[in-house]
Structures are given as structure tokens and as C-alpha cells.
Amino acid sequence: MYSDWESVDKRLVPCNKATWWTGIYGPGRSVLSAAQTKALSPGQRRRRMQKYTNRCHVYDVCQVLLSSMSGNGSPGGVYNIVDDDPAPRADVEKYAAILMSQKVNHPSQHATHNLLIPPTRRWGVAASPNSREQKEAGLEEKRVKNWKLKSELGVRLEYPTYREGLEAIWRGTTRPFDAVA
1 MYSDWESVDK
11 RLVPCNKATW
21 WTGIYGPGRS
31 VLSAAQTKAL
41 SPGQRRRRMQ
51 KYTNRCHVYD
61 VCQVLLSSMS
71 GNGSPGGVYN
81 IVDDDPAPRA
91 DVEKYAAILM
101 SQKVNHPSQH
111 ATHNLLIPPT
121 RRWGVAASPN
131 SREQKEAGLE
141 EKRVKNWKLK
151 SELGVRLEYP
161 TYREGLEAIW
171 RGTTRPFDAV
181 A
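Numbering (the UniProt record's numbering), first residue to last: 1 to 181.
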């Protein structure tokens, strides 16, 4: 049954690839933006309990989708759009706090309030939650590999880890949105 559907799909849709992504961040939507808000959303508090999270900068998501639509890759291929470094949110927040504490000419350079408050006070949960707490919160953890998007689609990530992505956002880079402005 599946092979019949697959062959029909290949004839009707020449660019039939599936993509999976999670943790999309970029200008205006990152841990740097979250640090500037007074209150954390329930989702932000919940995600704090995850040990590892996959993420990808929105510019790299666009790169992968464009490459996929231009005929690269395998028909029927499934591509994980994630960066090279699944990391705990706490590590990402620490790195953002370091960036935000640097002396730069940036309007929000002192907006580190939410990043510098200890996690136990900020979220009302232990800084390193155990698996029981994670299960109760309905959190799923997967560390996903991205080798197929590199080898089959030929994509070189502009922001291979959250570090490069956050640095670019902190410097004021608005990619990919500056291309449409």
C-alpha cells in the first residue's frame, strides 16, 4: 500500500521531500528576545526542564528548504533541519547572558534580567530536573542528526550551533528577513 502511494506521489509532485525541524530561532525570536521580557511564558518555563533541545536558525531553515525545492536530495527523502549542537536550554541561556554582558552598542545590552536570575527562582523548578519531572511535564527529548541535509542536499549551515546564531542576532543581523525588506 505504501509503495503505491509513494510512486503516485513521485509522479505528481517531483519535489516530494519531507522536512522536520524544531526549535526555530532567529531575529526577534530567541533566548535574547526572551531575556528582555518581564515574565516567562509557560512554554519557556516548561522547556527549561529539558536536558537537550534541537534548534536551528531560521536562515538555515530557509537554506535547506530552498535546496530541497530546487531538486537536490532524494525523492521521498526525509531531512532533519537542525544545527550541529543539541544543547540544554540552560547552556544556551548562559551563553546569551555572556553575550549580553559584553560592552557593545546595542539597545538591549542591559536586558539580562531573566537570564541572570537563578533557574530555581525563575521557573520554580530544580535547575536539573529529573526524568520523573520531565515525564510529568510531557517533555520529549531527542538529539537529532543532520548529516543528510549536508550530504544529500549539499547545505552548509551558516549558523552550525546556537553560539554563531546568537552572536549574529546580538550583532543585529536580520537574515533572512533583510532579503525581503
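Where a beta carbon is used, it is the ideal one built from N, C-alpha and C, also for glycine.
Here Ile-169 has Pro-27, Ser-30 and Leu-32 as same chain residues with Cβ atoms under 6 Å from its own Cβ, once five neighbours each way along the sequence are excluded. At a Cβ-Cβ threshold of 7 Å, Gly-71 and Lys-17 do not count as neighbours. Between Tyr-79 and Asp-85, the alpha-carbon positions lie close to 16 Å from each other.
Out of Trp-21, Gln-102 and Glu-152, the CA that lies nearest to the CA of Pro-75 is found in Glu-152.
The DSSP assignment places complete beta strand (DSSP E) segments of no fewer than 3 residues inside the segment 43 to 111 at 78 to 81, in order along the chain.
If you ignore the 5 residues before and after Asp-83, its C-beta comes within less than 8 Å of the C-beta of Asn-54, Arg-55, Cys-56, His-57, Asp-60, Asn-146, Leu-157, Tyr-159, Pro-160, Thr-161, Tyr-162 and Gly-165, all in its own chain and listed in chain order. Under DSSP, Ile-24 shares a beta bridge with Cys-56. Excluding residues up to 5 positions away in sequence, Leu-99 lie with their Cβ nearer than 8 Å to the Cβ of Glu-167 in the same chain.
When DSSP states are grouped into helix, strand and coil, Arg-175 belongs to the coil group. The DSSP-derived three-state label of Arg-29 is strand.
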